Amino acid sequence: FLMKKKIAPFIFIFLLIAGGYSLFEYIMFNKKYVESNAVFVKSDSLTFLSFKLPGKIEKIYVKEGQNVNKGELLAKLDTKSLEIRKKELLANINAIEDKIKATKIQKEKLKNDISTNSKLLKNEKDKLQKNIESMAFSIDAMKYKLKKLKSDYQKFKRLYLEQKVSKEKYENVKVAFYSLKDQIRAQERKFDALLLNNKTIELKIQLNENNKKELKRLQKSIDAKKHQLKALNEKLALVNQNIKDSFIYAPFNGKIAKKFANSNEVVNAGMKILSIVDPKNLYVLDLLEETKLKGIKPGCDVKIHIDALGKDFEGEVSEILPASASTFALVPRDISSGEFTKLAQRFYVKIKFSKVPKNVFIGMSGEVQIAKCDLH
């Protein structure tokens, strides 16, 4: 008993020293480190993939957990009706393009014909006009001569009847008179034919001018067909885009996180089909109380413990988000009434792995120990 009484003070002193040392260690630890267990593994690369239009899924080519490469085909809608529509549009486009080509050739030929005919008809009209003027002058001269011969004929006829000139002289004047008269009639018929030809040429010129209106009509036809062609090409572009949107390709190298649909299912536009994640783009998100933020900044070393693996990993703080978690709450606190209870807010701290470990998945929880690197 005496022995115990002598030992008791030493034990008390030892416990007091040990407790003081532990308290000192705890205080020093809190000065150097911050611990938190509001920790979850996250990834900004988790992407949900969907089709931009409704339809029936023809096939999903991947399974959950499968590694995929960027650009790899993951899923496809049934595009048979779109392909048929595309063929119809292409056939219509080709037909209209052929019509436009044929109409352009027709227009160009008519344009050349109008130009050629215009020159030929002008030359022909000019030549005919000269002939008309020349023949009119000739007929006028012959009529003047006929007038003189008629006077001679009447004179010689009277003298012949009075037996003052021979029958031969009378007959010569008579033949010359009637011969010239017949020549004038023949020339007048030719003159009438020239006038008729002149009217024919004028009709041809008018017809040639009317063909210019046909040129305008052909151009309007070409413009209308071009408008149809533009509308068909717009429809074709839409069909091609729909066909393109009927395929889902991997946006990056990653792993299929989840399938939300299966082959042969009918889905709506925007419905989730697959989710993909980049395993190399994982980070830890820590909800850290504002009272623990002192001394924490990007670059601070972090020891990360993942509960599911029971292992520690190295990392560092990459970012401290500028708004508290409560800022994004669906129902934020209303302090306008004056009722206010002060609560420590939590801020998002992003922590990146020094090397992303295997078998770490999105959603895993754990703990972190952050070394303070700015105590000023």
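First residue of the sequence shown: 6, per this note's numbering; consecutive thereafter. We put the CB at the ideal spot given by N, CA and C, even for glycine. Just so we're clear, the structure is a prediction, and the values are computed from it rather than from any experiment.
field: Chain-order list of residues whose beta-carbon lies under 6 Å from that of V271 (same chain, five-residue window excluded)
entry: K61
Residues bridged to I62 (per DSSP): I62 is bridged by DSSP to L82.
query: Should V384 and V365 be called a contact, given that it needs their Cβ atoms to be closer than 7 Å?
result: It is not possible to answer for residue 384, since the shown part of the chain is limited to 6 through 381.
query: Considering only the beta carbon of each residue, do M387 and S55 sit closer than 7 Å?
result: Outside the modelled stretch of the chain, which goes from 6 to 381, sits residue 387, for which no answer is possible.
query: In angstroms, rounded to a whole number, what distance separates the CA positions of K263 and L298?
result: 36 Å
field: Span separating the alpha-carbon of V307 from that of G320
entry: 5 Å
query: Cα-Cα, which of F196, I144, L223 and L220 is closest to L185?
result: I144
query: Beta-carbon separation of L133 and N213 under 7 Å?
result: no
Alpha-carbon to alpha-carbon, I110 and D187: 54 Å
query: With DSSP run on the structure shown, which of helix, strand or coil describes L51?
result: coil
task: Would you kindly work out how many angstroms separate the C-alpha atoms of R194 and A141, rounded to a whole number?
output: In this structure, the straight-line span from the alpha carbon of R194 to that of A141 is close to 11 Å.
message: Alpha carbons only, please: which of V322, D317 and A330 is nearest the one belonging to I382?
response: Outside the modelled stretch of the chain, which goes from 6 to 381, sits residue 382, for which no answer is possible.
Where D157 sits in the DSSP three-state scheme: D157: helix per DSSP, three-state reduction.
- request: Determine contact between the stretch 97-106 and the stretch 70-78, defined as no fewer than three beta-carbon pairs at a distance below 8 Å.
  value: no
- prompt: Between I253 and I309, what straight-line distance do the alpha-carbon atoms span, to the nearest angstrom?
  reply: 36 Å
message: Please classify N128 as buried or exposed, where buried requires at least 16 neighbouring CB atoms within 10 angstroms.
response: exposed
message: Quick test of the definition: if touching needs 3 or more C-beta pairs under 8 Å, does the stretch 309-318 touch the stretch 371-379?
response: yes
Span of the alpha helix (DSSP H), counted from its first residue to its last, around S226: Residues K172 to K249.
message: Taking the beta carbon of L21 as the centre, do at least 16 other beta carbons fall within 10 Å, making it buried, or is it exposed?
response: exposed
message: Taking 7 Å as the threshold (C-beta atoms), are N286 and S48 in contact?
response: yes
- request: Taking E88 as the reference, give the member of D317, N269, A274 and N245 with the closest Cα.
  value: N245
- prompt: Roughly how many whole angstroms lie between the Cα atoms of N238 and A198?
  reply: When rounded, the distance between both Cα atoms is 59 Å.
query: Where does A349 fall in DSSP's three states?
result: coil
message: Does I375 come out as helix, strand or coil in the three-state DSSP assignment?
response: strand
Cβ neighbours of P362 in the same chain (closer than 6 Å, five flanking residues each side left out): F318
task: Starting from N72, follow its DSSP beta bridges and name the residues at the other end.
output: K260
- request: Taking only the alpha-carbon atoms, compute the straight-line gap between L126 and F196 and give it to the nearest angstrom.
  value: Taken atom to atom, the span from the alpha-carbon of L126 to that of F196 is near 19 Å.
- request: Reducing DSSP to helix, strand and coil, say where I367 ends up.
  value: coil
field: Sub-7 Å separation of A255 and L79 beta-carbons
entry: Contact check for A255 against L79 passes: the beta carbons are separated by less than 7 Å.
Nearest neighbour of K302, chosen from L292, E324 and Y288 [CA to CA]: Nearest neighbour of K302 by Cα position, chosen from L292, E324 and Y288, turns out to be E324.
- request: Going by DSSP, name the residue or residues bridged to G300.
  value: For G300, which the question treats as bridged, DSSP gives no partner whatsoever.
message: Among K91, S50, I227 and K81, whose alpha-carbon lies nearest the alpha-carbon of L243?
response: K91
DSSP-derived helix/strand/coil call for L290: Strand.
field: Helix, strand or coil at K4 according to DSSP, with G and I counted as helix
entry: Nothing can be reported for residue 4: it is not among the residues displayed for the chain, which extend from 6 to 381.
- request: Mind checking who Y149 pairs with in its DSSP beta bridge?
  value: In the DSSP output, where bridge partners are listed per residue, Y149 has none listed.
- request: With DSSP as the reference, label S123 as helix, strand or coil.
  value: helix
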